[in-house]
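Numbering (my numbering), first residue to last: 32 to 378. All residues carry an ideal CB built from backbone N, CA and C; glycine is no exception. In this text the structure is predicted, and so the values were computed from the model without any measurement.
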């Protein structure tokens, strides 16, 4: 009888201990373990991060780091850390958090436009993905890659077509560049290539003209007409005489890309640069900025007309007055010069 009581006591103690252990396990695995008040928190896990580094990243997010650590070890997560951008929802338990970190790398929506140089593009992209601007610029300027894909350092910017793209945060510099090459080739489909051929330009030349058009007018509906002016000049062997190319040439000559030039002076037109279209009749060696799709398509579908000149329309700001003859243009130009002088804009 005494032995039975001892055995019964042992069983009861075991049941209680087991219950306590089971309750602890349940709490560790399935109880909510987040301590932020917002709906979500985003964790960025770097490439080749160690488990120690992961713990440092997750500690501000979870309420009980010790229970998280125990479950992470039991699930074998510590030996298989994944890089990426992970969104932790409020109220998740340890099991769910670890499952998110294991398999739910959430992509970002990355967009870019109006970049003037590869350096600017590298900085813009580095603010969105893991790759830094130095590594991005290095692969952007990789001469072997450029030559293989028929680009030069001057034309390389045209490979990056402005749009909204989906990328994983932990995308490397090479992965970003190679993806953009695929997007470029997808953009320049047979239809666009045929249009470029029909107007006598290569895709790179289209991008060059489009970059000038975009700098000339912010009005998308006016771009085909502006493109038509430049194509009229180009097709007739004229110099393009485009102020934005002179501004670009000045910045490049000075190596000062932050300077703001609102007015091109006659002395500026003498600057000896292949980008100065007042001095050379050829197209610049590359785009003077990153043309967006509307500008590229404006060149491919440029308006057929007899205009050769245009100047800012002070009666309809943002738009331009177009002229077929130099005499008409000079009258329009005088109105603009009188207006800009009244504004006190000297440079």
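Per DSSP, residue 71 lies in no alpha helix (DSSP H) segment; the continuous beta strand (DSSP E) that holds it begins and ends at 71-76. Under a 10 Å Cβ-count criterion, residue 138 is classified as exposed, with fewer than 16 other Cβ atoms of the shown protein chains found around its own Cβ. Here the C-alpha atom of residue 140 lies approximately 21 angstroms from the C-alpha atom of residue 133.
Rounded to the nearest whole angstrom, the C-alpha separation of residue 110 and residue 76 is 14 angstroms. Residue burial annotation: residue 189 is buried, with at least 16 other C-beta atoms found within 10 angstroms of its C-beta. Note: residue 142 is bridge-paired with 195 in the DSSP secondary-structure output. A direct Cα-to-Cα measurement between residue 150 and residue 206 gives close to 18 angstroms. 155 is the residue among 275, 130, 136, 155 whose C-alpha sits nearest the C-alpha of residue 142. Counting only residues of its own chain and dropping the five nearest sequence neighbours on each side, residue 343 has a CB closer than 7 angstroms to the CB of 351, 367. DSSP places residue 351 within a strand segment (E or B) once states are collapsed to three. Spatial neighbours of residue 281 in its own chain (CB-CB distance under 7 angstroms, excluding positions within 5 residues in sequence) are listed in chain order as 292, 299, 302.
Separation of the CB atoms of residue 62 and residue 124 is rounded to 6 angstroms, and the pair is thereby assigned contact status at 8 angstroms. Contact check for residue 335 and residue 304: beta-carbon distance about 31 angstroms, past the 8 angstroms limit, so the pair fails to qualify.
At the C-beta level, residue 240 and residue 215 stay beyond 8 angstroms of one another. Take the alpha-carbon of residue 340 and the one of residue 166: they are about 43 angstroms apart. Residue 124 is bridged by DSSP to 63. Its Cα nearest to that of residue 73, the residue 88 stands out among 82, 84, 88.
Here residue 93 carries a strand assignment [DSSP, helix/strand/coil]. Look at residue 259 here: in three-state DSSP terms it is helix. Under the criterion of beta carbons closer than 8 angstroms, residue 306 and residue 319 qualify as touching, at roughly 7 angstroms. For residue 118, the three-state secondary structure derived from DSSP is strand.
Of 290, 91, 126, 117, the smallest CA-CA separation from residue 103 is found for 126.
As summarised for the stretch 150-179, the continuous alpha helix (DSSP H) elements at least 4 residues long and confined to that stretch are 164-171, 174-179, given in chain order.
Residue 294 and residue 372 have their C-alpha atoms some 10 angstroms from each other. A direct Cα-Cα distance of roughly 23 angstroms separates residue 70 from residue 197.
The way I'd put it, the stretch 215-226 doesn't touch the stretch 268-275; fewer than three beta-carbon pairs between them come closer than 8 angstroms. Note on geometry: alpha-carbon atoms of residue 98 and residue 114 lie some 22 angstroms from one another. Around the beta carbon of residue 297, fewer than 16 other beta carbons lie within 10 angstroms, which makes this residue exposed. Going by beta carbons, residue 120 and residue 93 fall outside the 8 angstroms limit.
Across the set 364, 211, 257, the C-alpha of 257 shows the shortest separation from the C-alpha of residue 332. Taking residue 317 as the centre and dropping the five residues before and after it, the same chain places the C-beta of 185, 186 closer than 6 angstroms to its C-beta, in chain order. Taking the Cα positions, residue 244 is about 6 angstroms away from residue 254. Assigned with DSSP and collapsed to three states, residue 182 falls in coil, not helix or strand.
Of the residues assessed, residue 246 falls on the buried side of the cut-off, its CB having 16 or more other CB atoms within 10 angstroms.
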